[in-house]
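Read in order, the letters of the sequence shown correspond to residues 7 to 510 in the numbering used here. Glycine included, each C-beta is placed from N, C-alpha and C at the ideal position. Just so we're clear, the structure is a prediction, and the values are computed from it rather than from any experiment.
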Amino acid sequence: MSLYTKYRPKDWDSVVGQDFIVKILRSSLKNGHTGHAYILTGSRGTGKTTSARILAKSFNCLNLQDGNPCNACENCQAFENGMMIDIIEIDGASNALVDNIRAMIDEAKFLPTFGKFKVYIIDEVHMLGKSAFNALLKTLEEPPEHVKFILATTEIDKVPETIRSRAQRFDFQKISEKNIADRLNFVIDAEKITADPGAIELIAKLSRGGMRDALTLLEQFSVDKHLSLDFLKSTFSMIDDDFMDEIIDVLVNKNHEKFAKMIEKIKTQHIRSENFFEQIILRLRDKMVENLGNEKFGIYNAIFEIFRKSYPSIGYFADNFLVIEMTLMQAINAGNFPQNAVPNTDKKPQLTAPQKTIEPKNKSEIITETREISKPITDAVPEKIAPKPAEKIDKKTEIISENIEPKAEKIPETPKTAEFSFRRLLTEMKDTDPVVLATIKNASFKQDGEILELSFGNKWTADKMQEKRYQSPVIAVLNKIFGGEWKLKISHKPQNNTHFDDVF
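Right, here's the structure in full:
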């Protein structure tokens, strides 16, 4: 028998981490004010099905004690032995067809055989089909007095509102690490399992608020009745606390010399992205608490925000290490740029390649940047102007109509144009390739025609940008925005050129 089954709570006193729900249900059972339908929702392993079973058993207990089932009467014993025919457990996933629900409803019309109530526990109720829900709804609207429904689900939003509104709803919260650790200590004492210091706490953290997962992990890793902390860490690719502090110190102190070696060391540990992000976020949180009111609080907070914002990107890339790598590169430059460095395209106008025609103040005039019309134009001239046959126009003079779309030209080599080019590049990269954006947005830049030079203070980042995987998206975006055949020049040197901070 698995540990989870063996130590599954059989009464309300054993339910962990759901005190508020237990208090309400026990009180209603004690006072006899029970409903005809309940819906229990929450993440997996938080006690929904266990509570549903205890509630069903309590409805039919012959010797209820302060709202708690006695576990000794005939009905309680029959339920524990799987012989209580008045309590029916149904899996919503395997009984999703409407015919199965209709058959259940037809049986519900009959009085219970041994107990006070006929109780239906429908687990994963959100898996029922639309027709099945409609059939269930009819019974919930006018339920027989001898029938109780207990519905359990991990996805409450998939349950129709018409069903939810006819049942008492209880939201199960994730169980705290302390409560899980206390329960695990109780189990290892009962099972005579020894554990290294910190091993129980690590399992409580890895279980993510689910007691079932915690007991499953305990059983899985209790080799020869001993729970090894090192074995757990190596299996789940957990980074040692000392090394995690070293990583944070490298980021805070901007130690570029150690940065490349640190990246390689993390890579050799084959850590899972989720575990790394959760570890460093929790450790940064501790650092922020330790440095409240201290000048280092700001940099810890900046790095924390970078990892928090990058966390949702974990599942987007096949390369497990890529998001870790890119986020660390952002973090080591955290003090060099504002947190919301990428421009807000909703507020700032998008800039395009320069055009030849300048909008005139007086619409009756046409003004060009470097050209003049050989004869003056009066106010009577219409908006569209074509030279008369009799008029002679100097060969060096050219009229550019508003209706003629200018061809893309090379961007002039001026600081303003370089600024525009880089701003437009970052704006476009935001949607095109956020990973490359994270790499280039802290670079210094300057422009020479269709050559954009990006320089990085971090040699490791500069080496990365030499790779085709990083250069190709940038060149493609530049060609798309400005036309031509752009090239990138990557260098590693102090950032003395125009920097992104100077622009925004």
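Straight-line spacing of the CA atoms in residue 133 and residue 222 works out to 25 Å. For residue 43 against residue 173, the beta-carbon gap comes to about 4 Å, under 8 Å, which counts as contact. When the Cα atoms are used, residue 319 and residue 180 turn out to be separated by approximately 24 Å. By the criterion of a C-beta distance shorter than 6 Å, residue 54 is surrounded in its chain by 46, 48, 158 and 178, once the five residues flanking it on both sides are discounted.
Spatial neighbours of residue 167 in its own chain (CB-CB distance under 8 Å, excluding positions within 5 residues in sequence) are not present. Comparing alpha carbon positions, the residue from 87, 21 and 147 closest to residue 41 is 147. A distance of 9 Å or more separates the beta carbons of residue 332 and residue 200. Around the beta carbon of residue 322, fewer than 16 other beta carbons sit within 10 angstroms, so the residue counts as exposed. Taking C-beta atoms under 8 Å as the contact rule, residue 97 and residue 130 qualify, at a distance of about 6 Å.
For residue 144, the three-state secondary structure derived from DSSP is helix. Under the three-state reduction of DSSP output, residue 452 falls in the strand class.
In this structure, the CA atom of residue 141 is about 30 Å from the CA atom of residue 28. Judged by beta-carbon spacing, residue 460 lies beyond the 9 Å limit of residue 484, meaning their Cβ atoms are not closer than that value. Of the other Cβ atoms in all chains shown, 16 or more fall within 10 Å of the Cβ of residue 268; this residue is therefore buried. Where residue 16 is concerned, there is no enclosing beta strand (DSSP E), because DSSP gives it neither an H nor an E. Under the 10 Å beta carbon count, residue 216 is surrounded by 16 or more other beta carbons and is classified as buried.
Every unbroken stretch of the beta strand (DSSP E) spanning 3 or more residues and falling wholly within the region 70-157 is given here in chain order: 93-97 and 124-129.
Cα atoms of residue 306 and residue 252: separation of roughly 14 Å, rounded to the nearest angstrom. When the alpha-carbon of residue 312 is set against those of 299, 330, 298 and 325, the nearest one is in 330. The C-alpha of residue 171 lies about 43 Å from the C-alpha of residue 227.
Per the C-alpha coordinates, the member of 120, 114 and 119 positioned closest to residue 126 is 114.
Under DSSP, the beta-bridge partners assigned to residue 175 are 45.
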